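**Student:** Pasting a structure below so you can have a look.
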Amino acid sequence: MSVAVIETQNLTKQYGPQKAVDNVTFNVYEGEIFGLLGPNGAGKTTIILMLLGLTEPTSGRARVLGVDPTRDAIKVKGMIGYMPENVGFYNDMNAIQSLKFIGELNGIPKDILQERIESALKTVGLDQDAKKKIGAYSRGMRQRLAIAELLIKEPKVAFLDEPTLGLDPDATSRVIELIETLRKEKNMTIVLCSHYLEMVQKLCNRVAIMIKGKMVAQGEIEKLAREKFGIGQEEYTLEEIYMRYFMEA
Amino acid sequence: MGGLKVIFKKELSDHFTSYRFLIIFSLIWMVSLLITYMVGTSIRDELSGVTKPKYVFLLLFMSSGGFFSFIQFVAFFGPLIGVILGFDLINREKNEGTLSRVLAQPIYRDAVINGKFLAGVVTISIMMTSIVLVISGLGLKVVGVVPGIDEILRIVIYLVISIVYISFWLGIAILFSILFRSVTTSALASLAAWIFFTFFVPLGAGIAAKSFVPPGEADKTEIILKQLSIQRSVSLISPVSLYSEASSTIIDPTKKTTRAYVLMGPFEKLSIERFSGPLPISQSLLIVIPYIISIVAITTICFAVSYTVFLRQEIRSL
Ligand SMILES: Nc1ncnc2c1ncn2[C@@H]1O[C@H](COP(=O)(O)OP(=O)(O)OP(=O)(O)O)[C@@H](O)[C@H]1O
Ligand SMILES: [Mg+2]
């Protein structure tokens, strides 16, 4: 838990007059699941996009596995898995074609890709529906397919933006299980953005709370509870802690 | 480089498996076959018993067997092919969220737009080449003359010009699909561009030319010539006119210079053209080279604009 996989210093992104991300400094360490929380429009997705090299920071510094995403986006994108909010798929492809396409974009050799696709589809439970068009998939199936994509790519770091958005309880728990699989079996470091705080509390050790572009808190959940509710109050739920920060801001 | 290849492959297979492509492909096939058959039989009937004149094979492409010639058909309908293949290439992916997923993979952003444009151009090339081959084959059978080297060369050059011309429209459509988020808007904008260049520019050219003529002097030859020359230059801002001029000059060896229209009256021109011998291909080529360069240039500019806009677009607006 000591090697920083992601480092940011005073990271700022300005869209016109508005600061979507304002002077944010935080680290994510190897092997952890880091929760990035905050209300709509807080700037979570913007942070991810900057770390991926998909958009340039207005100022500040970012390093992912020691690489500057602004300078060497291709290298960073090769090492990071990204599951966007509202993942989009080509609806007339089936799961195998879609995974193959992503694998090829990542330059994974054919024979290795073949094996990975088979095992990934099994892991996420889509092997029965692998030949069905993605257009006919349910929301839960699409999310699982997105996770299969991460399994194919085998990145060291994965950004999951709202992975359980719009899923029913059963589908949600399957996705949660899969996220744990990613960390345990694939040793991925994961940054998880979500409004579903119960899940975040279950999965994450450390979280950061963003409000209007500013990072108002970060650290272990117990530490945040102590800060807001006093010593000996660590049993407060993440939900209660979050609301406290939210009201104060 | 790897990314470009993968995107190109995907786009190409998308084109060839889409209903849209199938429909437009069969449509132009039907029309082309119809034209060829009509033109072919009329040539055969007219020429039965007499020795076939030179360049009779090229008549398959340039004579209008009743309503329009193949050349005219491509000039008019070709833009639609480009537009239909391209109007939603980028914005559909934005709207469905596939673009940000693809761009999060280790590829350069230009691989996406290059791959799409290239796949479109290859699709157009395959479409046009196959049609020209079929017309030639059918013509061969119906008319019964074998084209000479000169004629074949002319057809090849014509084919290349046509591919570039349709690719220009593909570029326009892609540009609109980058500029507009809505697929309907980009489709309409492309159609508007097509209507503008096909109908309005020639019309406007005529009006512009007339407005130069002082009233009362309208029948001085000098002025009429000036008028025609203005009309011609103005209409050449339209890629449609550029293409029509270039393709008819290369396919029709008797067409001496595109200036001929201006310098003499239509009947005079006709008689002179018919009595003087046809131009060798090198001469025809010399005449159309500026047109070809112009078509290639506007296509390149159009693609360069798309490319720049796409690469500079903020990812959140993607
Ligand atoms: N292209 C853009 N132009 C201008 N402002 C933008 C653009 N993209 C995002 N923003 C603004 O940046 C801010 C941060 O947005 P962001 O999507 O990062 O928030 P978020 O925390 O991911 O929210 P959510 O929970 O809704 O996903 C928002 O206020 C948004 O309006
Ligand atoms: Mg977001």
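Which chain is which? The protein sequence lines are A and B, in order.
So for the first sequence, our numbering puts the first residue at 1375; every next one is plus one.
So for the second sequence, our numbering puts the first residue at 1200; every next one is plus one.
Ideal Cβ positions, reconstructed from N, Cα and C, are used throughout, including at glycine.
Just so it is clear, the structure is predicted and the values come from calculations on it, not from any experiment.
1. Taking the beta carbon of isoleucine 1306(B) as the centre, do at least 16 other beta carbons fall within 10 Å, making it buried, or is it exposed?
2. Is there contact between the stretch 1326-1342 of chain B and the stretch 1475-1490 of chain A, where contact requires at least three CB pairs shorter than 8 Å?
3. Quick one: grab the DSSP three-state call for valine 1581(A).
4. Is there a Cβ of chain A sitting closer than 8 Å to that of valine 1205(B), yes or no?
5. Confirm, please, whether the CB-CB distance from leucine 1525(A) to arginine 1490(A) is below 8 Å.
6. Does the beta carbon of isoleucine 1482(A) come closer than 8 Å to any beta carbon on chain C?
7. Compare the C-beta of serine 1299(B) with all C-beta atoms of chain A and state if any pair is closer than 8 Å.
8. Hey, would you say the C-beta of glutamate 1292(B) is under 7 Å away from at least one heavy atom of ligand 2?
9. How would you list, in chain order, the residues of chain A whose beta-carbon sits under 8 Å from the beta-carbon of tyrosine 1307(B)?
10. Does serine 1225(B) come out as helix, strand or coil in the three-state DSSP assignment?
11. So, at 8 Å on beta carbons, what are the nonlocal neighbours of lysine 1506(A) in its own chain, with the 5 sequence-adjacent residues on each side left out?
12. Aspartate 1466(A): beta carbon under 7 Å from a heavy atom of ligand 2?
13. Any heavy atom of ligand 1 closer than 7 Å to the CB of arginine 1515(B)?
14. Nearest to glutamate 1601(A) by CA position, among Gly1417(A), Leu1410(A) and Tyr1619(A), is which residue?
15. Between which two residues does the alpha helix (DSSP H) containing glycine 1518(B) stretch?
16. So proline 1438(B) and phenylalanine 1367(B) are in contact, right, with Cβ under 8 Å, and what is the actual spacing, rounded?
17. Could you list which residues in chain B have their beta carbon closer than 9 Å to that of isoleucine 1470(A), in chain order?
18. For the pair the stretch 1424-1439 of chain A and the stretch 1381-1400 of chain A, tell me if three or more CB-CB distances fall below 8 Å.
19. Mind listing the chain B neighbours of phenylalanine 1603(A)? Cutoff is C-beta to C-beta under 8 Å, in chain order.
20. Assign glutamine 1426(B) to one of three DSSP states: helix, strand, or coil.
21. Using a C-beta to C-beta distance shorter than 8 Å, which residues of chain B count as neighbours of asparagine 1460(A)?
22. Looking at ligand 1, does it come within less than 7 Å of asparagine 1414(A), judged from the CB to the closest heavy atom?
23. Quick one: which unbroken alpha helix (DSSP H) runs of 4-plus residues sit fully inside the stretch 1352-1416 of chain B? Chain order, please.
24. For the beta strand (DSSP E) holding isoleucine 1407(A), just list the boundary residues, first then last.
25. Please state if the CB of alanine 1599(A) and the CB of alanine 1591(A) are separated by a distance shorter than 8 Å.
26. How should glutamine 1482(B) be labelled, buried or exposed, when 16 other C-beta atoms within 10 angstroms of its C-beta is the threshold for buried?
27. Quick one: is the Cβ of aspartate 1535(A) within less than 7 Å of any heavy atom of ligand 2?
28. Could you check what DSSP says for glycine 1604(A) in three-state terms: helix, strand or coil?
29. Pull the bridge partners of cysteine 1567(A) from the DSSP assignment, please.
30. Measure the CB-CB distance between glycine 1277(B) and isoleucine 1360(B) and report whether it falls below 8 Å.
31. Looking only at its chain, what residues have a beta carbon closer than 7 Å to the beta carbon of isoleucine 1270(B), apart from the 5 residues adjacent to it on each side?
32. Tell me, to the nearest whole angstrom, how far the beta carbon of phenylalanine 1286(B) is from that of isoleucine 1234(B); I am working on the premise that it is less than 8 Å.
33. When every heavy atom of ligand 2 is checked, does at least one fall within less than 7 Å of the C-beta of threonine 1538(A)?
34. Consult DSSP for serine 1262(B) and reduce its assignment to one of helix, strand or coil.
35. Using the three-state DSSP reduction, which class does glycine 1593(A) fall into: helix, strand or coil?
36. Report whether the distance from the Cβ of lysine 1588(A) to the nearest heavy atom of ligand 1 is below 7 Å.
**Tutor:** Short version:
1. buried
2. no
3. strand
4. yes
5. yes
6. The structure shown contains no chain C; the protein chains it does contain are A and B.
7. yes
8. no
9. Ile1448
10. helix
11. Asn1468 and Ala1469
12. no
13. yes
14. Tyr1619(A)
15. Here chain B comprises residues numbered 1200 to 1517, so residue 1518(B) is not present and cannot be evaluated.
16. 6 Å
17. Within 9 Å Cβ-Cβ: nothing; isoleucine 1470(A) doesn't reach chain B, min ~14 Å.
18. yes
19. Residues of chain B passing the Cβ test: none, with the nearest at roughly 37 Å.
20. helix
21. Gly1296
22. yes
23. 1382-1394 and 1400-1410
24. 1407-1411
25. no
26. exposed
27. yes
28. coil
29. Leu1410(A) and Asp1535(A)
30. no
31. Phe1260, Met1261, Ser1446, Ser1447 and Ile1450
32. That belief does not hold up - the Cβ atoms of phenylalanine 1286(B) and isoleucine 1234(B) are roughly 26 Å apart, past 8 Å.
33. no
34. coil
35. strand
36. no
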